[in-house]
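Here the sequence shown stands for residues 17 to 358, where the numbers follow the working numbering. Idealized CB from N, CA, C, for every residue including glycine. The model shown is predicted, which means the values in this text are computed figures rather than measured ones. These notes concern the structure reproduced below.
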Amino acid sequence: MKELIVKAPGKLVWVGVPTPALSSPAGALVRPIASASCDLDRRLIAGATPFKPPFVIGHECVAEVLEVGSAVSTLKRGDLVSVPWKISCGTCKQCLSGRTTACTSVAKYAAYGVPAGGNWGGLFSEVVYVPFADAMLVHLPPGLNPIAAASASDNLTDAWVATSRPLASREDARVLVVGGTESLGILAVQMAVAAGAGSVDYLDSDDYRRGLAERCGAHVDIGFASDLNERYDLVVSATREQQALHKGLLALAPGGHCSCIGIIFEDPRIPLFGMYMRDVTLSVGGCSVRPHIPKVLELVNTGACDPLLVSPTIVSCVEATEALIQPLAKCIVVRERITQSA
Ligand SMILES: [Zn+2]
Ligand SMILES: [Zn+2]
17 MKELIVKAPG KLVWVGVPTP ALSSPAGALV RPIASASCDL DRRLIAGATP
67 FKPPFVIGHE CVAEVLEVGS AVSTLKRGDL VSVPWKISCG TCKQCLSGRT
117 TACTSVAKYA AYGVPAGGNW GGLFSEVVYV PFADAMLVHL PPGLNPIAAA
167 SASDNLTDAW VATSRPLASR EDARVLVVGG TESLGILAVQ MAVAAGAGSV
217 DYLDSDDYRR GLAERCGAHV DIGFASDLNE RYDLVVSATR EQQALHKGLL
267 ALAPGGHCSC IGIIFEDPRI PLFGMYMRDV TLSVGGCSVR PHIPKVLELV
317 NTGACDPLLV SPTIVSCVEA TEALIQPLAK CIVVRERITQ SA
């Protein structure tokens, strides 16, 4: 089978490797049919992260189930499923507490598409082994477009948790989304609206993304020169710029919450004393997406959010090696199905 690897900074290639074996009764083999780029992927490909090539890439997809182990009870060949980015067993103490990102049955950081915690393959690949199929895989609601759901594995669900969790205890909240990565900010705008925000403002220096955010329901007529201090109950930081995060933290109203979901590899400047005086919360995640994927698929299925409003570029596997290195919003690689659900 073919898998997509980052061979060197800026260089993607498909390589032939042995098809993974179904090596556990609890496991499954799946075939990705709609694989999305995560906002981290372009930096992984560029070599601009602590993870150095070569490694297999891809950690967001909808897949068809090819084969299941003898102990798998909820899945069969032909089912369409969302595959979470993180490997998790579903039965350890952390998983049972909903912290699937911290699963103790596998190596720390064990995940698809990142060279950490072992090599689990990547979700652009032709066939992927899922070691805990019942615990990890989530059925797609019937009729849901796999392309629209591709990002539920990571970015889309991250955006939902970053907004819905703080908004659950903040009625009619004023929300600021600080954008800057390819899709997370736009998805966060949609999810803030879906979670019942009172208003959503979007801050980004990029005109194209501001246009997308406006289509998703955000007010975009603010800039980095605007005085935003102490105006927002929730700030979602979906930027990789330290200064933009800093601006977002200063924008928190007393009792506010900042969800930082843009990955910043450096140690950014945090205005801690001002935050202390306003009794604000900063959460940084890498959230445990698996428990929240069913809700996110429901939101997509009912039209409460539309991930395709980030205007993804949809390409074939052949086109993927070029498309994934372009400065696009979101890229989705599609494959023909080879199974049909019974
Ligand atoms: Zn990711
Ligand atoms: Zn676990």
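Quiz prompt | Chain-order list of residues whose beta-carbon lies under 8 Å from that of residue 228 (same chain, five-residue window excluded) | solution = Cβ-Cβ distances below 8 Å link residue 228 to 202, 325, 326, 327, 345 in the same chain, with the five nearest sequence neighbours on each side left out; the list follows chain order.
Self-check item: Segment limits, beta strand (DSSP E) that includes residue 329
Solution: It spans 329 to 332 - the beta strand (DSSP E) in which residue 329 sits, taken as one unbroken run.
Quiz item: Cβ of residue 176 versus every heavy atom of ligand 1: is any distance shorter than 7 Å?
Solution: No, Cβ of residue 176 sits at least 7 Å from all heavy atoms of ligand 1.
Quiz item: If you count every other CB in all the chains shown that lies within 10 Å of the CB of residue 358, and 16 or more means buried, which is it?
Solution: Here residue 358 scores only 49 on pLDDT, less than 50, and its place in the model should not be relied on; the value that follows carries that caveat. Exposed is the call here.
Quiz item: So, using beta-carbon positions, are residue 208 and residue 183 closer together than 8 Å?
Solution: Less than 8 Å separates the beta-carbon of residue 208 from that of residue 183.
Quiz prompt | residue 10 to residue 21 span [Cα, whole Å] | solution = Look at the range of the chain in this structure, 17 to 358, and you will see that residue 10 is not part of it.
Quiz item: Hey, out of 18, 98, 355, whose CA is closest to residue 32's CA?
Solution: Of all alpha-carbon atoms in 18, 98, 355, the one lying nearest the alpha-carbon of residue 32 is that of 18.
Quiz item: Under a three-way DSSP split, which group does residue 292 fall into?
Solution: Helix.
Quiz item: Using a threshold of 7 Å, is the CB atom of residue 170 nearer than that to any non-hydrogen atom of ligand 1?
Solution: Yes; taking the cut-off as 7 Å, the Cβ of residue 170 has a heavy atom of ligand 1 nearer than that.
Exercise. Report yes if the C-beta of residue 113 is less than 7 Å from at least one heavy atom of ligand 2; otherwise report no.
Key: Ligand 2 has no heavy atom closer than 7 Å to the beta-carbon of residue 113.
Quiz item: Under the criterion of a Cβ to heavy atom distance below 7 Å, does residue 120 qualify as lining ligand 2?
Solution: Taking 7 Å as the cut-off, one finds at least one heavy atom of ligand 2 near enough to the beta carbon of residue 120.
Exercise. Taking residue 230 as the reference, give the member of 192, 80, 79 with the closest Cα.
Key: With distances taken between CA atoms, residue 230 lies nearest to 192 out of 192, 80, 79.
Quiz item: When the Cα of residue 364 is compared with those of 41, 266, 88, which residue comes out closest?
Solution: The structure shown does not extend to residue 364, since the chain is modelled only from 17 to 358, so the question has no answer here.
Exercise. Would you mind working out which of 331, 100, 257 sits nearest residue 147, comparing C-alpha positions?
Key: The shortest C-alpha to C-alpha distance from residue 147 to any of 331, 100, 257 is the one to 100.
Quiz item: Which partner residues of residue 25 appear in the DSSP bridge assignment?
Solution: The beta-bridge partner set that DSSP reports for residue 25 is empty.
Quiz item: Considering only the beta carbon of each residue, do residue 145 and residue 137 sit closer than 8 Å?
Solution: Their beta carbons are under 8 Å apart, which means residue 145 touches residue 137 by this criterion.
Quiz prompt | Sequence-distant residues of the same chain with beta carbon closer than 6 Å to residue 48, five excluded per side | solution = Annotation for residue 48: 77, 79, 139 place their beta carbon closer than 6 Å to its own, counting only its chain and skipping 5 residues before and after.
Quiz prompt | Candidates 166, 246, 216, 54, of which the one nearest residue 316 by Cα | solution = Of the candidates 166, 246, 216, 54, 166 places its Cα closest to the Cα of residue 316.
Practice problem: For residue 69, collect the residues of the same chain with a Cβ closer than 7 Å to its Cβ; drop the 5 residues on either side in sequence, then sort them by chain order. | Solution: Result list for residue 69: 22, 23, 24, 25, 63, in chain order.
Quiz item: Between the beta-carbon of residue 280 and the beta-carbon of residue 259, is there less than 8 Å?
Solution: Cβ distance not < 8 Å, so residue 280 and residue 259 don't count as in contact.
Exercise. Leaving out five residues on either side along the sequence, give the residues of the same chain with a beta carbon under 6 Å from the beta carbon of residue 236.
Key: The beta carbon of residue 236 sits closer than 6 Å to those of 218, 226, 229, 230, all from its chain and outside the five residues before and after it, given in chain order.
Quiz item: Can you tell which of 306, 349, 297, 41 has its C-alpha closest to the C-alpha of residue 174?
Solution: The candidate whose alpha carbon is nearest that of residue 174 is 306.
Quiz item: Using a Cβ-Cβ cut-off of 6 Å (strictly less than) and excluding sequence neighbours within five positions of residue 246, which residues of its own chain qualify?
Solution: Closer than 6 Å at the Cβ level, and outside the excluded window around residue 246, lie 269.
Quiz prompt | Cβ-Cβ distance between residue 300 and residue 272 below 8 Å | solution = No, the pair does not count as a contact, with Cβ atoms beyond the cut-off.
Self-check item: Supposed contact pair residue 161 and residue 54 - C-beta distance, whole angstroms, cut 8 Å
Solution: Between residue 161 and residue 54 the Cβ distance is about 19 Å, and since that is not below 8 Å, they are no contact.
Quiz prompt | Exposure label - residue 34; buried when at least 16 CB within 10 Å | solution = Residue 34 is exposed by the Cβ-count criterion.
Quiz item: Over what stretch of residues does the beta strand (DSSP E) that includes residue 271 continue unbroken?
Solution: In the DSSP assignment, residue 271 falls within the beta strand (DSSP E) that extends over 268 to 276.
Quiz item: Would residue 157 pass as a contact of residue 314 if the rule is Cβ separation under 8 Å?
Solution: Yes; because the gap between Cβ atoms is below 8 Å, this pair is in contact.
Quiz item: By a C-beta neighbour count over all protein chains shown, 10 Å radius and 16 as the cutoff for buried, is residue 350 buried or exposed?
Solution: With 16 or more other Cβ atoms within 10 Å, it is buried.
Quiz item: Mind checking residue 264: buried by the 16 CB within 10 Å criterion, or exposed?
Solution: That one is buried.
Practice problem: State the Cα-Cα distance for the pair residue 253 and residue 216, rounded to the nearest angstrom. | Solution: Between the alpha carbons of residue 253 and residue 216 lies a distance of about 13 Å.
Quiz prompt | Residues near residue 288 in its chain [Cβ-Cβ closer than 7 Å; skip 5 each side] | solution = In its chain, beyond the 5 residues on either side, no residue has a beta carbon closer than 7 Å to the beta carbon of residue 288.
Practice problem: Tell me whether the beta-carbon of residue 347 lies closer than 8 Å to the beta-carbon of residue 334. | Solution: No, Cβ-Cβ distance for residue 347 and residue 334 is not below 8 Å.
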